[in-house]
Amino acid sequence: MSESNPCLTCGACCAYFRVSFFWGECQSAGGSVPDEQVIQISPHLVAMRGTEYKPARCNALLGDVGQGTRCTIYEQRSSPCRDFQASWANGEHNPRCDDARKAYGLPPLTPPVQPELSPDRVA
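Everything in the sequence shown is counted per my numbering, starting at 419 for the first residue and increasing by one.
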C-alpha cells in the first residue's frame, strides 16, 4: 500500500522560505535550474524568483498552498528544494516543515503509525 505524498497537497515550504543557492546550479553555468527562474542576491548566490522577499512564494510553484500544488521545474529544481524533507518523510521530524505549514494554518505532519505486532506475528 502506498501512502500519498503530503507535499502534493501542501507547498507551504515553497511559499514561506527564501530558496537561495550557489549560482553554479543555474543552466547558464552548466546546472539544471532555469536562469529565468532565479534572481541574483549576492555575488555568489541566487534565489528562486518570488522567494527573495517576504511574503515569499516561489514562481515555480503552481496551485494553492494546502490544497494542491506542484513544482513546474521539479526535475530541474535547486539543491535546497531537493534536500528539504517533509516532517517524518525519512523518519525524522523537520521543524522547518512544521513552521511553514503553521504559517498557512496547516497542522504539523505526524509520524506514520507503525502496526503493532501481535506475539503470533513475531518471527
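All residues carry an ideal CB built from backbone N, CA and C; glycine is no exception.
Problem set entry | Proximal residues to M419 (C-beta, below 7 Å), its chain only, five neighbours per side dropped | The sequence position of residue 419 within the sequence shown is 1, counting from 1. Residue confidence for M419 is low, a pLDDT of 33 falling below 50, so the modelled location carries little weight; the figure read from the coordinates is stated next. The answer is none, since no qualifying residue turns up.
For this session: Name the two residues that bound the continuous beta strand (DSSP E) containing R488.
Result: Stepping through the sequence shown from its first residue, residue 488 is reached at position 70. Taken as a continuous stretch (DSSP letters only), the beta strand (DSSP E) holding R488 covers 486-489.
Problem set entry | As assigned by DSSP and simplified to three states, the class of A465 | As a position in the sequence shown, residue 465 is number 47, starting the count at 1. Looking at A465 - three-state DSSP - the assignment turns out to be strand.
For this session: For S496, count neighbouring C-beta atoms within 10 Å of its own C-beta (all shown protein chains included) and say buried if the count is 16 or more, exposed if not.
Result: Within the sequence shown, residue 496 is the residue found at index 78, counting from 1. Answer is buried; the Cβ neighbour count reaches 16.
For this session: State whether the segment 509-519 contacts the segment 470-477, with contact taken as three or more CB pairs (one from each stretch) at a distance under 8 Å.
Result: Three or more beta-carbon pairs separated by less than 8 Å are not found between the segment 509-519 and the segment 470-477, which leaves the two stretches without contact.
Problem set entry | Nonlocal neighbours in the same chain, by C-beta distance under 6 Å from Q503, ignoring five residues either side | In the sequence shown, the residue the question calls residue 503 occupies position 85. The beta carbon of Q503 sits closer than 6 Å to those of N512, all from its chain and outside the five residues before and after it, given in chain order.
Problem set entry | Paired residues, beta bridge with F440 - DSSP | As a position in the sequence shown, residue 440 is number 22, starting the count at 1. Here F440 is bridged, per DSSP, to L463.
Exercise. Helix, strand or coil: how does DSSP classify S420 here?
Worked result: Mapped onto the sequence shown, residue 420 falls at position 2. Residue placement at S420 cannot be trusted, given a pLDDT of 42 that sits under 50; what the coordinates show is reported in the next sentence. DSSP, reduced to helix, strand and coil, places S420 outside both helices and strands of the structure shown, so it counts as coil.
Exercise. DSSP beta-bridge partners for V451?
Worked result: For the purposes of this step, residue 451 is taken as the residue at position 33 of the sequence shown. According to DSSP, which records beta bridges pairwise, V451 is partnered with C444.
Problem set entry | Distance CB(C431)-CB(A507) smaller than 8 Å | Residue mapping note: residue 431 aligns to position 13 of the sequence shown, counting from 1. Residue mapping note: residue 507 aligns to position 89 of the sequence shown, counting from 1. Taking 8 Å as the Cβ cut-off, C431 and A507 do not qualify as a contacting pair.
Exercise. Do S450 and the ligand FMN come close, with the Cβ less than 7 Å from some heavy atom?
Worked result: The ligand FMN is not part of the structure shown, which contains no ligands of any sort.
Problem set entry | C-alpha gap between S438 and A465, whole angstroms | Locating residue 438 in the sequence shown gives position 20, counting from the first residue. Locating residue 465 in the sequence shown gives position 47, counting from the first residue. Distance between S438 and A465, taken at the CA atoms: about 4 Å.
Problem set entry | Boundaries of the beta strand (DSSP E) in which G523 is found, first to last residue | In the sequence shown, counting from the first residue as 1, residue 523 sits at position 105. Here G523 belongs to no beta strand (DSSP E), and DSSP marks it neither H nor E.
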